[in-house]
Amino acid sequence: MDKDKNNLNLEIDALVIRLQQDDKEAFSDFYNLLVKQLYRYLFFSVDKHDIDDLIAVIFIKVWEKIKFYQVKGDASFKSWFFRLAKNTVIDFYRSSKVVYELKDFLPDNSEKNDPYQNTKEKLMQEKLKKCLDKLNENYREFLTLKFLGEFSNKEIAEILKKNESSLRVLQFRALVALKKIIEEEGGIDF
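So for the sequence shown, my numbering puts the first residue at 1376; every next one is plus one.
Listed below in structure tokens is the structure:
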């Protein structure tokens, strides 16, 4: 898996160089590499009806700001990208001044034909969403990046501008808090 991540990071770095040289064809490849991970991050952060708009805004911002991106130490481009995404979500909330609730925790799998399984998953998602909504913002954001975004602690530290050792404590506390809330809600059948 680390090898796959390294290959992905190398591919992204090569595309960034091409993007900084105004290579429009590279943008399509770049978009395809990161859009699913961005979607998973946004799915947990905003109302699902706003996701497509935010994806467009984020990629437009990347196109506009890519020329100013510079490698800083060990920080990866993905960290810069998701920090930009996080700030765009914050700006979105500020400008809309509307409180959004998550409709689902996981993407809708409409391919499934089993109504019982679909209903069971929908109920599980709603219950899990309700539990996650009760977490404080720091815990919720960390768990989103770690388990939905599948980011490493190093990448999360860069995105959240925290040190890695404090993330271990944050992860422990977030999981304990989530477990407590799930138990108070009567558990969740996975």
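Every residue gets a Cβ at the ideal spot worked out from N, C-alpha and C, and that includes glycine.
Around the beta-carbon of PHE1526, 16 or more other beta-carbon atoms lie within 10 Å, marking it buried. In terms of CA proximity to ASP1466, LEU1429 leads the group ASN1384, LEU1413, LEU1429, LEU1545. Taking TYR1416 as the centre and dropping the five residues before and after it, the same chain places the C-beta of PHE1457, ALA1460, THR1519, LEU1520, LEU1523, GLY1524 closer than 8 Å to its C-beta, in chain order.
Counting only runs of 3 or more residues that sit fully inside the stretch 1508–1542, no beta strand (DSSP E) segment turns up. In the structure shown, the three-state DSSP call for TYR1406 is helix. Taking a contact as a CB-CB distance under 8 Å, the pair THR1463 and LYS1436 counts as one, their CB atoms being some 6 Å apart. By the Cβ rule, the stretch 1531–1538 does not count as touching the stretch 1417–1427, because fewer than three pairs are nearer than 8 Å.
Listed in chain order, the non-local C-beta contacts of SER1454 below 7 Å within the same chain comprise GLU1530, GLU1533, ILE1534, local neighbours out to five positions each way being set aside. Assignment of ASP1398 by DSSP, reduced to helix, strand and coil, places it in the coil class. Residue state for LYS1502 is assigned as helix, using DSSP reduced to three classes.
Counting along the chain, ILE1426 sits inside the alpha helix (DSSP H) bounded by residues 1426–1440. Burial is judged here by how many other beta carbons sit within 10 angstroms of a residue's own beta carbon; LEU1545 has at least 16 and is buried.
If you draw a straight line from the Cα of ILE1387 to the Cα of PHE1452, it comes to about 8 Å. Straight through space, the alpha carbons of TYR1468 and LYS1555 are spaced by roughly 28 Å. In the three-state DSSP reduction, GLN1492 falls in the helix class (H, G or I). By the CB criterion at 8 Å, LEU1390 and ASP1404 fall inside the cutoff.
Straight across, the Cα-Cα distance linking ASN1407 with VAL1432 is about 16 Å.
LEU1510 sits close to LEU1553, with the two beta carbons spaced by under 8 Å.
Look at SER1454 here: in three-state DSSP terms it is helix. In the three-state reduction of the DSSP assignment, LYS1447 falls in the coil class.
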